[in-house]
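S.K.: The structure under discussion is supplied below as structure tokens; questions concerning it will follow.
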Amino acid sequence: MTSITKNRIESIDLLKGLVMVIMALDHTRDYFHYSAYFFDPTDPTQSTLPIFFTRFITHFCAPAFSFLAGLSAFMVGRRKSKTELSSFLVKRGLWLVFIEMTIVNFSWYFDVQFRSPGLLVIWSLGISMIALAGLIHLPQKFILLFSCLLIFGHNLLDTVHYDGNVLWAILHEFSFFKLSGDANFLVGYPIIPWIAVMSLGFYFGSFYDKSYDSVKRKKLFNLLGISAIILFVIIRFINRYGDPIPWKYYGPLTKDLISFLNPSKYPPSLLYLLMTLGGTFLFLANAEKLKGKLVDFFSTFGRVPFFYYIIHIYVIHLVAMLFAELSGFGWEIMILPAWVSEVPGLKGYGFSLWVVYAVWIGIILFLYPFCKKFDIYKQSHKEKWWLSYL
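To convert, note that position 373 of the sequence shown is 372 in numbering that gives the first Met the number 0; the numbers rise steadily by one, no gaps.
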């Protein structure tokens, strides 16, 4: 059976921790990489393989974490009635939406005027939990059917556009909206299909029941992971459905590879989810027996993901202010009116990719003892209800 310590499944904590740490690499790149202010790292005509794969590896983070959030909700539900679980998911979801619009939005910009509010990944998790609060009352097979229909079918909506319609953007279209002056509102993570990713995770939570054989689970997850990636390759080659932006043939292999491996994330296309969730299933299938200090290191972050997520953005942003000051741009330039890579005054600021990696590693090592202490406190004070919201 899967290794369980203190009623936690270690392979799930490990994957959560890995995606949390990898996610920080992309955020560090946003604030420290010279080229981030000149071109998109996924642009085949300008990017390089090292820059592209620095961004590519982080594609797996949001889908994996959303899926694992659903899986964890199922496990929480084993100790609660469905009514109690629904109530918890609604409250937790509303809390995450509130945190996104306040503490998280401020962390990206340090702008007391809140000129660039946005619905990003924490909002996505929150709204998905609220949707899941209703979905859990359906039979498991219906939850699976709903999840698959939304994941496989939502790209049929790609040609539907309602300019200036916030509600449609929230449902299925990445959009910027002009508010007033230099203020903008960003819908970065539309509801569809993110709610289906979490509900799919909830469905697969049952496969971690103690009565389910771990050998069968490994075989099933390996089969699902391999099948998803093969299906990604096939559909991507066909180039007719599954992503709003077809891949292009450029000639040089590096450019072709970047184009092929860059399905749309906003919102996540079928191909994006096949690629990333395929990797998620493969990792879960083969990580259950992993042990050692390195596993413990990453699992620590996985046990306190919300705490880590909040503080890691503030630390990255504060260090970026220091670097801006030391490099002659002044710390004030990091009080941002817009997304960091979109600020014209930051062109010329930034460092080589190896510096980005060095800063990222330094930040992770700096955050580890704080996360470790909070993890110990959280595990030893389970009677404190409010800790479940952190």
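Just so you know, even glycine gets a beta-carbon here, dropped at the ideal spot from N, CA and C.
Check each candidate in Ile191, Ile312, Ile21, Trp384 and name the one with the smallest Cα separation from Glu172.
M.R.: It is Ile191 whose Cα lies nearest to the Cα of Glu172.
S.K.: Quick one: Cα of Val342 to Cα of Phe328, how far?
M.R.: Cα-Cα distance, rounded: 13 Å.
S.K.: For Asn238 and His160, what's the separation of their Cα atoms in angstroms?
M.R.: Taking the straight line from one Cα to the other gives about 21 Å.
S.K.: Report the three-state DSSP secondary structure of Leu48 (helix, strand or coil).
M.R.: Helix at Leu48.
S.K.: For my contact list, Met74 and Pro304 are in at a C-beta cut-off of 8 Å; report their separation, rounded to the angstrom.
M.R.: Contact flag wrong, Cβ pair sits at about 15 Å.
S.K.: Does DSSP put Ser179 in a helix, in a strand, or in coil?
M.R.: Reduced to three states, the DSSP call for Ser179 is strand.
S.K.: Residues in its own chain within less than 6 Å of Thr299 by CB, not counting five upstream and five downstream?
M.R.: Excluding sequence neighbours, Thr299 sits near Cys370, Lys371, Asp374.
S.K.: When the Cα atoms are used, what is the spatial distance from Asp397 to His380?
M.R.: Outside the displayed range of the chain (0 to 389) lies residue 397, so it cannot be described from this structure.
S.K.: Is Ser174 helix, strand or coil by DSSP?
M.R.: Three-state result, Ser174: strand.
S.K.: Please list the segments of the alpha helix (DSSP H) lying wholly inside the segment 241-272, counting only runs of 4 or more residues, in order along the chain.
M.R.: Complete alpha helix (DSSP H) runs here, min 4: 252-259.
S.K.: Taking 8 Å as the limit between beta carbons, can you name the residues of its chain near Ile135, skipping five residues before and five after?
M.R.: So the list reads Ala72, Gly76, Lys81, Leu84, Ser85, Leu88, Ile142, Phe201, once near-sequence residues are dropped.
S.K.: What are the boundary residues of the alpha helix (DSSP H) that includes Pro304?
M.R.: Segment 304-325, the alpha helix (DSSP H) holding Pro304.
S.K.: My understanding is that Val103 touches Ala61, with C-beta atoms under 8 Å, so please give their C-beta distance in whole angstroms.
M.R.: That pair is no contact at about 14 Å.
S.K.: Looking only at DSSP bridge pairs, what is Gly117 linked to?
M.R.: In DSSP, Gly117 forms a bridge with Leu185.
S.K.: Between Leu260, Gly69, Leu148, which lies nearest to Arg235 when the distance is taken from Cα to Cα?
M.R.: Out of Leu260, Gly69, Leu148, Leu260 has the C-alpha closest to the C-alpha of Arg235.
S.K.: Once DSSP output is grouped into helix, strand and coil, what is the label at Tyr211?
M.R.: In the structure shown, Tyr211 sits in coil (DSSP, three-state: anything other than H, G, I, E or B).
S.K.: Please work out which residues of its chain come closer than 6 Å, Cβ to Cβ, to Ala182, disregarding the five sequence neighbours upstream and downstream, and give them in chain order.
M.R.: Cβ neighbours of Ala182 beyond the five flanking positions: Arg114.
S.K.: So for Phe328, helix, strand or coil by DSSP?
M.R.: Three-state DSSP puts Phe328 in coil, outside helix and strand.
S.K.: By the three-class DSSP mapping on this structure, what secondary structure does His136 have?
M.R.: Correct three-state label for His136: coil.
S.K.: Would you say Leu289 and Leu13 are within 8 Å of each other, going by their C-beta atoms?
M.R.: It is a contact, given that the beta carbons lie within the stated cut-off.
S.K.: Put Phe350 into one of helix, strand or coil per three-state DSSP.
M.R.: Three-state DSSP puts Phe350 in a strand.
S.K.: By DSSP, does His26 sit in helix, in strand, or in coil?
M.R.: DSSP places His26 in helix when its eight states are reduced to three.
S.K.: Taking DSSP's pairing of strands, which residues face His32 in a bridge?
M.R.: According to DSSP, which records beta bridges pairwise, His32 is partnered with Phe350.
S.K.: Going straight from the alpha carbon of Tyr265 to that of Gly69, what length do you get?
M.R.: Distance between the alpha carbons of Tyr265 and Gly69 is about 20 Å.
S.K.: Might you give, ordered along the chain, the residues of its own chain that have their beta carbon closer than 6 Å to the beta carbon of Phe175, omitting 5 neighbours on each side?
M.R.: Counting only Cβ-Cβ distances below 6 Å, and skipping sequence neighbours, we find Asn183, Leu185.
S.K.: Taking 8 Å as the cut-off, decide whether the C-beta atoms of Ser127 and Ser65 are in contact.
M.R.: Yes, they are a contact pair.
S.K.: In terms of alpha-carbon separation, which member of Ile169, Pro368, Glu99 lies closest to Phe296?
M.R.: Answer by Cα proximity: Pro368.
S.K.: Please state the DSSP three-state secondary structure of Asn238.
M.R.: Coil.
S.K.: Going along the chain, which residues of its own chain have a beta-carbon closer than 7 Å to the beta-carbon of Tyr248, five neighbours each way excluded?
M.R.: Same-chain partners within the cutoff: Asp255.
S.K.: Nearest-angstrom Cα distance between Leu389 and Leu17?
M.R.: One C-alpha to the other measures close to 19 Å.
S.K.: Looking at the secondary structure, which residues open and close the alpha helix (DSSP H) in which Asn104 lies?
M.R.: Unbroken alpha helix (DSSP H) run through Asn104: 104-108.
S.K.: Give the C-beta separation of Ala284 and Phe220 to the nearest angstrom, bearing in mind that I take them to be a contact with Cβ-Cβ under 8 Å.
M.R.: Yes, Ala284 and Phe220 are in contact; Cβ-Cβ is about 3 Å, under 8 Å.
S.K.: State the Cα-Cα distance for the pair Met0 and Leu269, rounded to the nearest angstrom.
M.R.: Residue confidence for Met0 is low, a pLDDT of 37 falling below 50, so the modelled location carries little weight; the figure read from the coordinates is stated next. Cα to Cα, the separation comes out at about 32 Å.
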